[in-house]
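*Asks:*
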Amino acid sequence: MRDDRHWRQAWLELIDEITRYVKYLQEMGIEEYDATMPMGADRLPLPPLASAAHLAESGASKEVETSALSESSSGEHITVKGESPMAQKKKRVTGQAQASLFGDLAPAESPGESPLPVDETLDDIRADIGECTRCKLHEHRTHIVFGEGNPHADLMFVGEGPGADEDATGRPFVGRAGQLLDRMIEAIGMKREQVYIANIVKCRPPGNREPEPDEVATCEPFLYRQINVIRPKLVVALGGVATKTLLRTKAPISKLRGRFFDFRGTKLLPTFHPAFLLRSPNKKRDAWEDLKKVRDFLQGKIVE
Ligand code: URA
7 MRDDRHWRQA
17 WLELIDEITR
27 YVKYLQEMGI
37 EEYDATMPMG
47 ADRLPLPPLA
57 SAAHLAESGA
67 SKEVETSALS
77 ESSSGEHITV
87 KGESPMAQKK
97 KRVTGQAQAS
107 LFGDLAPAES
117 PGESPLPVDE
127 TLDDIRADIG
137 ECTRCKLHEH
147 RTHIVFGEGN
157 PHADLMFVGE
167 GPGADEDATG
177 RPFVGRAGQL
187 LDRMIEAIGM
197 KREQVYIANI
207 VKCRPPGNRE
217 PEPDEVATCE
227 PFLYRQINVI
237 RPKLVVALGG
247 VATKTLLRTK
257 APISKLRGRF
267 FDFRGTKLLP
277 TFHPAFLLRS
287 PNKKRDAWED
297 LKKVRDFLQG
307 KIVE
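Numbers given in our numbering equal positions in the sequence shown, counted from 1, plus 6.
1) Between which two residues does the beta strand (DSSP E) containing residue 174 stretch?
2) Do you know how far the Cα of residue 142 is from the Cα of residue 243?
3) Going by the C-beta, is residue 179 closer than 7 Å to any heavy atom of the ligand URA?
4) Do residue 262 and residue 300 have their beta-carbon atoms positioned less than 8 Å apart in this structure?
5) For residue 228, which beta-bridge partners are listed by DSSP?
6) What do you reckon, are the CB atoms on residue 151 and residue 205 nearer than 8 Å?
7) Considering only residues of the same chain and omitting the five flanking positions on each side of residue 202, which have a CB-CB separation below 8 Å?
8) Relative to the ligand URA, is the shortest distance from any of its heavy atoms to the C-beta of residue 229 smaller than 7 Å?
9) Measuring straight from C-alpha to C-alpha, what distance separates residue 285 and residue 256?
10) Out of 13, 16, 308, 304, state which residue places its alpha-carbon closest to the alpha-carbon of residue 200.
11) Per DSSP, residue 276 is paired with what?
12) To the nearest angstrom, report how far apart residue 19 and residue 188 are at their CA atoms.
13) Between the C-alpha atoms of residue 76 and residue 217, what's the straight-line distance to the nearest angstrom?
14) So for residue 233, helix, strand or coil by DSSP?
15) Shortest alpha-carbon distance to residue 296 belongs to which of 147, 288, 277?
16) What do you get for residue 126, buried or exposed, if any count of 16 or more other CB atoms within 10 angstroms of its CB means buried?
17) Please tell me whether residue 186 and residue 280 are closer than 8 Å, where the distance is taken between their beta carbons.
18) Leaving out the 5 sequence neighbours to the left and right, which residues in its chain are closer than 7 Å to residue 4 when beta-carbon positions are compared?
And the structure:
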């Protein structure tokens, strides 16, 4: 009898997990999959949390779908485990050609660049910010949105700036865009608590306008200090403002998304902002391609 209840509960949990998982896929614009593909093959993402363990067990070494644009900003190539030397060489050559197309990409110079270990904590940085009045954004804000998440995160997301919901709560990405970001994180088998989430500016620009250059210049040093403390393996820049700011480029997000760039001793990959994805659901498929690269990089299937 107890066994029956146990199995019933296990089935209900499984059904619940599958239902949630199908919703992620729909949300990300995945309408079909090839049922002949084994679990864990690249076109069929694994259920959240099960993926890493499953791949480790199966020892899967697959060719990651890197596009011709998957190179670091130095033109240096990211190798893909299990690829033939010829395929790797082809990608390296293509990568260099692409890098020169966007010659204005930030070379190494990010302000405050210091991949050295730091002797401050996130709390120190928050204390330093205090009740900030350093720029005009303080005039209309309710709360400073410092950022939140795992201080030892491998994965860090950087958005543009707080919106109304974030200003009201003091937490990043809690509105509609934030709910989509949560689902994007879950779609790669992670939970929001495992990652760190911050923004280029920490106070809401009035009317959700883009932050102005003087506001970015005033606020960004705090973000760089947060990155130095967290030292994530990968920073995902959400949208054009974050990407252009962090990479010091004028190139459009459409040309940069899904590519790995060198950034402050770690890697950075730009993708579309979830608010943009809410307005342009047809771009969710592209975002999903980017997210698979994030997942594969963190699982060690793409190495430098
Ligand atoms: N958009 C952002 O860029 N950041 C947030 O925190 C919320 C919405």
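Where a beta carbon is used, it is the ideal one built from N, C-alpha and C, also for glycine.
*Replies:* Taking the geometry as given:
1) Taking the first residue of the sequence shown as position 1, residue 174 is located at position 168. No beta strand (DSSP E) holds residue 174; the alpha helix (DSSP H) holding it covers 170–175.
2) As a first step, residue 243 must be located in the sequence shown, where it is residue number 237. As a first step, residue 142 must be located in the sequence shown, where it is residue number 136. About 24 Å.
3) On the sequence shown, position 173 is the one that residue 179 refers to. Yes; taking the cut-off as 7 Å, the Cβ of residue 179 has a heavy atom of the ligand URA nearer than that.
4) The count along the sequence shown starts at 1 and reaches residue 300 at position 294. The count along the sequence shown starts at 1 and reaches residue 262 at position 256. Their beta carbons are not under 8 Å apart, which means residue 300 does not touch residue 262 by this criterion.
5) On the sequence shown, residue 228 is found 222 positions in, with the first residue counted as 1. For residue 228, which the question treats as bridged, DSSP gives no partner whatsoever.
6) Walking along the sequence shown from the start, residue 151 turns up at place 145. Walking along the sequence shown from the start, residue 205 turns up at place 199. For residue 151 and residue 205, yes; Cβs fall inside 8 Å.
7) Reading the sequence shown from its first residue, position 196 is the one you call residue 202. Cβ neighbours of residue 202 beyond the five flanking positions: 153, 154, 155, 156, 157, 159, 161, 162, 163, 232, 236, 238.
8) By one-based count along the sequence shown, residue 229 stands at place 223. No, the beta carbon of residue 229 sits no closer than 7 Å to any heavy atom of the ligand URA.
9) As a working mapping, residue 285 is identified with position 279 in the sequence shown. As a working mapping, residue 256 is identified with position 250 in the sequence shown. Roughly 23 Å between the two C-alpha positions.
10) Counting from one through the sequence shown, the residue named residue 200 turns up at place 194. The shortest Cα separation from residue 200 among 13, 16, 308, 304 belongs to 304.
11) For the purposes of this step, residue 276 is taken as the residue at position 270 of the sequence shown. Answer is 243.
12) Along the sequence shown, read from residue 1 onward, the residue named residue 19 stands at position 13. Along the sequence shown, read from residue 1 onward, the residue named residue 188 stands at position 182. Rounded to whole angstroms, residue 19 to residue 188 spans 20 Å at the Cα level.
13) As a working mapping, residue 76 is identified with position 70 in the sequence shown. As a working mapping, residue 217 is identified with position 211 in the sequence shown. Interpretation of residue 76 is limited by its pLDDT of 33, a score under 50 that renders its predicted location unreliable; the figure taken from the coordinates is listed afterwards. Going by the C-alpha atoms only, they are around 29 Å apart.
14) As a first step, residue 233 must be located in the sequence shown, where it is residue number 227. In this structure, residue 233 counts as helix in the three-state DSSP scheme.
15) Position 290 of the sequence shown, counted from the start, is the residue given in the question as residue 296. For residue 296, the nearest C-alpha among the options comes from 277.
16) Locating residue 126 in the sequence shown gives position 120, counting from the first residue. Classification of residue 126: exposed, given that the 10 Å Cβ count is below 16.
17) The residue labelled residue 186 in the question sits at position 180 within the sequence shown. The residue labelled residue 280 in the question sits at position 274 within the sequence shown. Cβ atoms of residue 186 and residue 280: closer than 8 Å.
18) Any question about residue 4 goes unanswered here, given that the chain covers just 7 to 310.
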